[in-house]
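2 protein chains.
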Amino acid sequence: MTRKLSTKPLSGFMELLPEQQRSFNQIMNIIADTYESCGFIHMDQPLLERKDVLLAKAGGETEQQIYELTKGDTELALRFDHTVPLARYVADKYGDLTFPFRRYVVGKVYRGERAQAGRFREFYQCDVDIIGNEKLAVGYDAEMPIMIARVFEKLNSELQTGAYKIRINNRKLLTGLFESLEITDRSAEILALIDKKEKISNDEFIDSLNELGLPDTSSETILSFLNSSLDELPALPISGEQFEVGVSEILFVLQTAQSSGITPEVFAFDPTIVRGLDYYTGTIFETQLIQYPQFGSVCSGGRYDNLAGQYTSRALPGVGMSIGLSRLFDQLLKNDVLKTSAQKTASQALIIPMDNKISEALTIQKELLAAGISCEINWGAGKLDKRMSYGNKMGIPFIVLVGEQEADSGLYTIKNMESGIEEKLNITDIASYISN
Amino acid sequence: MTRKLSTKPLSGFMELLPEQQRSFNQIMNIIADTYESCGFIHMDQPLLERKDVLLAKAGGETEQQIYELTKGDTELALRFDHTVPLARYVADKYGDLTFPFRRYVVGKVYRGERAQAGRFREFYQCDVDIIGNEKLAVGYDAEMPIMIARVFEKLNSELQTGAYKIRINNRKLLTGLFESLEITDRSAEILALIDKKEKISNDEFIDSLNELGLPDTSSETILSFLNSSLDELPALPISGEQFEVGVSEILFVLQTAQSSGITPEVFAFDPTIVRGLDYYTGTIFETQLIQYPQFGSVCSGGRYDNLAGQYTSRALPGVGMSIGLSRLFDQLLKNDVLKTSAQKTASQALIIPMDNKISEALTIQKELLAAGISCEINWGAGKLDKRMSYGNKMGIPFIVLVGEQEADSGLYTIKNMESGIEEKLNITDIASYISN
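Residue numbers (the working numbering), protein chains in the order written: chain A, 1 to 436; chain B, 1 to 436.
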């Protein structure tokens, strides 16, 4: 016997069993259908880009994680997110697009991270972005948390993923705060501190701020900002236009989201949300599944002022959000939130022709398909028991037997595989029997 | 001004405008939905594989076209078809699968071909395969042309792609012919000749056969086989089990397909169909769009005896088919078969809040979404004309105006953008008005 090749997929590359794949597809479809129903167009883009295009804005870590290759004399790389390709696309097709340009994408991206549980090197990101031409009203910021809520309402009603919380902040509040305190030269360090504030005590936080050379009054102002509710913002000892614009934007976004008809409590102001360092310029948000804090943020995004600066001198502001689908699915699966369906196929009926009654079986399939009922024919030549056992293993709810007796009488045996009940029905009644 | 990067996608990588993408998605959905309705499961697999796995069976041309890369110390490559990853998958998950294993995939594959019109380096293949465990009844062969017909019936009814023909042959007929004539040592050359027979005269064909050292009687037998109808096959001067099995299989496949309720004439026996050289072992088929012979075969496939020989010693026979979606779409687009819809989005309604009537606009959106009507809100702060013009450019059929007057009276202005007719309706009537 010759040596056989290994059959394992690459480490960090998800490959599912059929019943798991059906759960995955169900989540993916809920996300895509919700995006589409809100007027977003699914745009498909290449997975490969020229390396210089992909890395124009990327920093150190991204550059190390990238999958790069050379074909002919062109240096290429696999996309590591959907935003860079979108920026190139909008700059390229600018004259042919209608703005605001609303697009979504459900597709794979690649990052050669160190392999570890729950981290994938090939993974799905499900992104929505709205790009304006020079301007984009703040109402579009408000649309994002509403859209997130629509997705997670649906995921919860269909898959019991549970309650969720969308925490919203605005980078202008943070920028305004730093401007007011005249500490913009240390904003990166302070943002990084705010980002990990949940994990440290107030004293530790103040100590760290003092180490950056901040006077006590400034540290206290920062702390009181981070502990503020939405109503308390205007009364804080922070002045300047940037902060005021931030207050008015966050008020508008929260009020709008809370008047959308979705339980208002899912939307919360959270001044500790930071989201990266230099990309976002306004509204920012994160989403947590309340029962599964260990998942981290399952959907996040925000407002940016300049999508495509490296490709065009036009101002293209936008707002977007992204769901890390592969990671979310993996976590839901490992935490037994997803109950894999016993039905492993879309087929509602398995049609079994016997005694060579093939054209009758095909007629029944045609009738069922016309009624919108997915079904398949078992063509096996073996014993009836074995052929029915296939239907059983696949969890197909109905079996239709098509033998000589059935063909002669025009009455076909249909078996409900769950209840075991058999009925004899004529062809035209089978579809409505299965539908009910 | 700093120099800006080029925004063009890579040569040979398709990137569409939104209205084109909608047409593409429509075709893709017809294909995927038809596959799914017949009990196939959409299996998603990695786009990257280990190079040795991908190239285990590939020959010279494929090896040159492959996109390869190295990450860490692993040699990787982008998949060039869906069959090799399927073979690895079935061998890997063998114990967890129920056979016959029915899977489909709609996904991208990569071949670094020389760039030319209508040839893509990144392109969609839409594959269906049914894999048996040691055995697979010939009925599954018959299922493939029936499935192709279902797809192209639907494409024609929704997109007017026109009439099509599925030409079917069986490799056992050809093998049996060569065995009977004792010319199996030259079968590759003769198959190549048969493959181009349509382009040369009978005399040229016979001359070429004679150059391979065939006696006239053998050449004439081959020619009479190639000119035979299905009924004439048994009477040909060709003997041996292989040929007889081929005759019985092709008869069964044709008769079954023709009793499926689809116009029988779309299925035709064509002894000149060859399909590659050493992969297929039984039923083989090709599909032509009759009005567009220049497209070549738009869907082809066949029966193979041994899917995964390089990974497992188990016998895994299968039958499959593949639609080259990117190429088909590109041809349909260039030949004006696809009429790009004036509607560039799924949105049926554009809701325009005025006078700060935001919560009313969100309530209307919620009602419409609950009724299954895709819609979006225009958040723009500009003049009403400009906001309506967005809806017009996107081809959104209805605009709903939500101003002070509307909110006070509870009657909202809804404008049919095609007829120009305006109605005043209360919230609960808007959804049914749009649906009708």
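Where a beta carbon is used, it is the ideal one built from N, C-alpha and C, also for glycine.
- Boundaries around VAL253 (chain B) are those of the alpha helix (DSSP H), 241–258, since no beta strand (DSSP E) includes it.
- For PHE267 (chain B), not one C-beta of chain A is nearer than 9 Å to its own C-beta.
- The alpha-carbon of ASP203 (chain B) is positioned some 30 Å away from that of TYR279 (chain B).
- For PRO9 (chain A), the nearest beta carbon of chain B is closer than 9 Å to its own beta carbon.
- Residue environment analysis places GLY420 (chain B) among the exposed positions, since fewer than 16 neighbouring C-beta atoms fall within 10 angstroms of its C-beta.
- For ARG103 (chain A), DSSP records a beta bridge to A:ILE41 and A:ASP129.
- For the C-beta of ALA381 (chain A), the chain B residues within less than 7 Å are, from N- to C-terminus, ALA137.
- Contact between GLU376 (chain A) and SER347 (chain A) holds: their C-beta atoms lie close to 5 Å from each other, under 8 Å.
- Nearest neighbour of THR363 (chain A) by Cα position, chosen from A:ALA188, A:ALA407 and A:ARG119, turns out to be A:ALA407.
- From the beta-carbon of THR340 (chain A), no residue of chain B is found nearer than 8 Å; the closest lies around 12 Å away.
- Minimum Cα-Cα distance from GLU153 (chain A) among the listed residues A:PRO397, A:LYS51, A:GLY261 and A:LYS334 corresponds to A:GLY261.
- Spatial neighbours of ALA91 (chain A) in its own chain (CB-CB distance under 8 Å, excluding positions within 5 residues in sequence) are listed in chain order as ALA308, TYR311, THR312, ARG314 and LEU316.
- Residue environment: ASP127 (chain B) is assigned as buried (16 or more neighbouring CB atoms within 10 Å of its CB, all protein chains considered).
- Assignment of VAL400 (chain A) by DSSP, reduced to helix, strand and coil, places it in the strand class.
- Listed in chain order, the positions of the segment 240–273 of chain A with a beta carbon within less than 7 Å of a beta carbon of chain B are THR256, SER259, SER260 and GLY261.
- Taking 4 residues as the minimum length, the alpha helix (DSSP H) runs contained wholly in the segment 169–221 of chain B are 171–180, 187–195 and 202–211, in order along the chain.
- Within the DSSP bridge table, the entry for GLN288 (chain A) names A:LYS165 as partners.
- Excluding its 5 nearest sequence neighbours in each direction, ASN156 (chain B) has C-beta neighbours in its own chain below 8 Å: GLY162, ALA163 and TYR164, listed in chain order.
- In the DSSP annotation of this structure, the continuous segment of the alpha helix (DSSP H) that includes VAL84 (chain B) starts and ends at 83–93.
- For PHE267 (chain A), the secondary structure class from DSSP, reduced to helix, strand or coil, is strand.
- Taking a Cβ-Cβ threshold of 7 Å, the residues of chain B close to ARG88 (chain A) are THR7, in chain order.
- Judged by DSSP secondary structure, ALA370 (chain A) falls within the alpha helix (DSSP H) whose first and last residues are 358–370.
- When rounded, the separation of the alpha-carbon atoms in ALA431 (chain A) and VAL402 (chain A) is 15 Å.
- With its beta carbon less than 9 Å from one in chain B, CYS38 (chain A) belongs to the interface.
- Setting aside the 5 residues that flank it on each side, PHE101 (chain A) is surrounded in the same chain by ILE131, each with a C-beta closer than 6 Å to its C-beta; the list follows chain order.
- GLY72 (chain B) has a beta carbon lying within less than 9 Å of a beta carbon in chain A.
- Between the alpha carbons of LEU236 (chain A) and PRO271 (chain A) lies a gap of roughly 13 Å.
- The Cβ-Cβ distance between TYR104 (chain B) and LEU78 (chain B) does not fall below 9 Å.
- Measuring C-alpha to C-alpha distances from LEU254 (chain A) to each of A:VAL138, A:ARG275, A:GLY372 and A:SER300 identifies A:VAL138 as the nearest.
- In this structure, DSSP gives LYS108 (chain A) an extended state, which the three-state scheme calls strand.
- Using a Cβ-Cβ cut-off of 9 Å, PHE225 (chain B) does not count as an interface residue toward chain A, since no Cβ of chain A sits closer than that to its own.
- At least 9 Å separates the CB of MET388 (chain B) from every CB of chain A.
- Close CB contacts of GLN288 (chain A) within its chain, under the 6 Å cut and outside five residues either way in sequence, are with LYS165 (chain order).
- In the assembly as shown, ALA188 (chain A) is an exposed residue. Its beta-carbon has fewer than 16 other beta-carbons within 10 Å.
- Residues of chain B whose Cβ lies closer than 7 Å to the Cβ of CYS375 (chain A) are, in chain order, GLY39.
- When rounded, the separation of the alpha-carbon atoms in LEU325 (chain B) and TYR89 (chain B) is 23 Å.
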